[in-house]
Amino acid sequence: MKASLYIHIPFCKKKCDYCDFFSIGEADRRGKKNDLSDSYISSIINETRIYADLYGISEWKSVYTGGGTPSLLSPQQSIDLFSGIKKIAPFSKDCEVTFEMNPDDVTESFLDACQKAGVNRLSMGIQALDDAALNAVNRGSSVEIIMRALEALKSHWNGRLSVDFIAGLPNHKWKSFENQFEILKQYPKIDHVSLYTLTVEENTPLWKKIEDGKINFSFERADRMWIKGRNILEKMGFMQYEVSNFSKKGFESRHNQTYWHQENYIGVGAGASGTWYDFDKKSALRWTNTLSIPSYIESALNRKTEQLDEQTLEFEFLMLGFRCLSGVNDRDFERRFGKSLAQRIGDGIEGGVFSKWQKMRLATKTSTPNGTVYALNRRGILLLNRFLEELM
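Its first residue numbered 256, the sequence shown is counted upward by one per residue in the working numbering.
So this is what it looks like as structure tokens:
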């Protein structure tokens with residue numbers, strides 16, 4: 256059986272002020288047993304082996320190493336990690352192997368290690384090509400460092416490259432935000448872009464600064480910036496295929512589609528989550544690992560589990576499917592849940608949710624040889640949360 260694998264490396268040099276993911280900055284690791292040690296890598300390999308044996312996994316169809324900052328791994332740790340994973344189950348012939356990195360970690364030795372380990376796709380967090388915006392959120396990078404990293408990738412990397420941008424960062428001027436996308440023309444290896452709207456999570460340092468009036472932030476301005484960024488990306492040949500993701504044709508993230516299509520994925524590492532589906536029983540097991548590095552190293556299956564019932568799976572199927580511009584196929588829905596998608600979402604029903612959104616020209620219905628596809632259009636997907644609330 257094939258499955259996808261997510262590996263969590265929860266270590267950073269320092270945390271950005273907007274970050275709400277589980278990660279540990281260097282300042283919080285000093286004098287504690289929270290180091291990115293070889294023991295942590297061994298625990299990841301051991302945990303992966305347990306799940307591979309449990310679920311009979313014979314191949315990895317995609318592998319994603321995220322964080323945190325995976326590029327803090329030493330070259331040898333990167334090679335050891337992927338060597339261990341491949342001994343448990345090989346990469347499939349078309350396996351997408353992604354590794355997240357920060358610009359300041361891009362060196363020739365790092366890129367050599369990635370290629371030797373079997374990584375074929377890198378994902379780099381640019382966030383903004385503006386020092387004032389980066390400094391406003393305590394981002395440990397600079398325009399100079401980012402451009403140096405892009406030059407190294409241009410000359411020394413043979414695989415795919417995805418980059419991240421954030422719309423709405425404090426102190427980011429409109430003209431600077433618009434002009435930054437010009438780098439996509441200069442670096443043709445970039446085939447995928449994630450464009451996020453800045454979200455202000457409660458109790459993050461950014462949230463506290465905004466609450467205290469130290470930073471001005473406008474949600475409306477962030478949304479308008481995102482729309483402007485989307486329009487620029489589409490003119491440059493990057494087509495939106497999901498709420499925050501754009502790619503050149505054929506270069507969509509296969510690993511992320513595992514999540515959006517409700518397919519099995521193993522999550523390993525402290526703080527990682529995984530989900531294993533059993534659609535015969537219309538249920539799934541979801542787990543989240545401990546946030547304690549020492550506890551994780553001590554016990555590979557130190558986790559909390561949750562059994563997902565049919566109602567939860569059904570709503571998640573719709574929630575994840577409508578995130579994508581490709582939408583939801585009625586035959587796929589009926590195959591999994593044994594009921595009519597049209598009835599569930601209110602198509603052809605007076606006052607039904609989908610019928611109403613279609614009348615507002617925010618949703619489309621398309622007949623294909625493989626079934627009827629329901630989707631939000633590029634205007635409707637901006638209101639995804641409202642649509643999902645109406646479906647609940």
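No residue lacks a Cβ here, since even glycine has one placed at the ideal position from N, Cα and C.
- Look at the segment 278–356 and you find these whole runs of alpha helix (DSSP H), each 4 residues long or longer: 281–284, 293–310, 330–343.
- When secondary structure is reduced to three states using DSSP, residue 491 falls in the coil class, being assigned neither helix nor strand.
- Taking a 10 Å sphere around the C-beta of residue 597, we find 16 or more other C-beta atoms and assign the residue as buried.
- In the assembly as shown, residue 263 is a buried residue. Its beta-carbon has 16 or more other beta-carbons within 10 Å.
- In this chain, the beta strand (DSSP E) harbouring residue 522 covers 520–523.
- In terms of CA proximity to residue 573, 595 leads the group 419, 595, 561, 320.
- Nearest neighbour of residue 395 by Cα position, chosen from 600, 273, 526, turns out to be 273.
- For residue 551, the enclosing alpha helix (DSSP H) has its first and last residue at 548–553.
- In the three-state reduction of the DSSP assignment, residue 365 falls in the helix class.
- By the criterion of at least three beta-carbon pairs nearer than 8 Å, the segment 446–460 is in contact with the segment 406–422.
- For residue 513, the secondary structure class from DSSP, reduced to helix, strand or coil, is helix.
- Residues of the same chain with a CB within less than 8 Å of the CB of residue 400, apart from the 5 flanking positions on each side, are 358, 359 in chain order.
- Here residue 561 carries a strand assignment [DSSP, helix/strand/coil].
- Cβ-Cβ separation between residue 259 and residue 571: approximately 16 Å, too far for a contact (criterion under 8 Å).
- Pairwise C-beta distances place the segment 403–412 in contact with the segment 357–376, as three or more of them are shorter than 8 Å.
- Taking residue 372 as the centre and dropping the five residues before and after it, the same chain places the C-beta of 333, 334, 337 closer than 6 Å to its C-beta, in chain order.
- Judged by their CB atoms, residue 404 and residue 374 are not nearer to each other than the 7 Å cut-off.
- Residue state for residue 427 is assigned as coil, using DSSP reduced to three classes.
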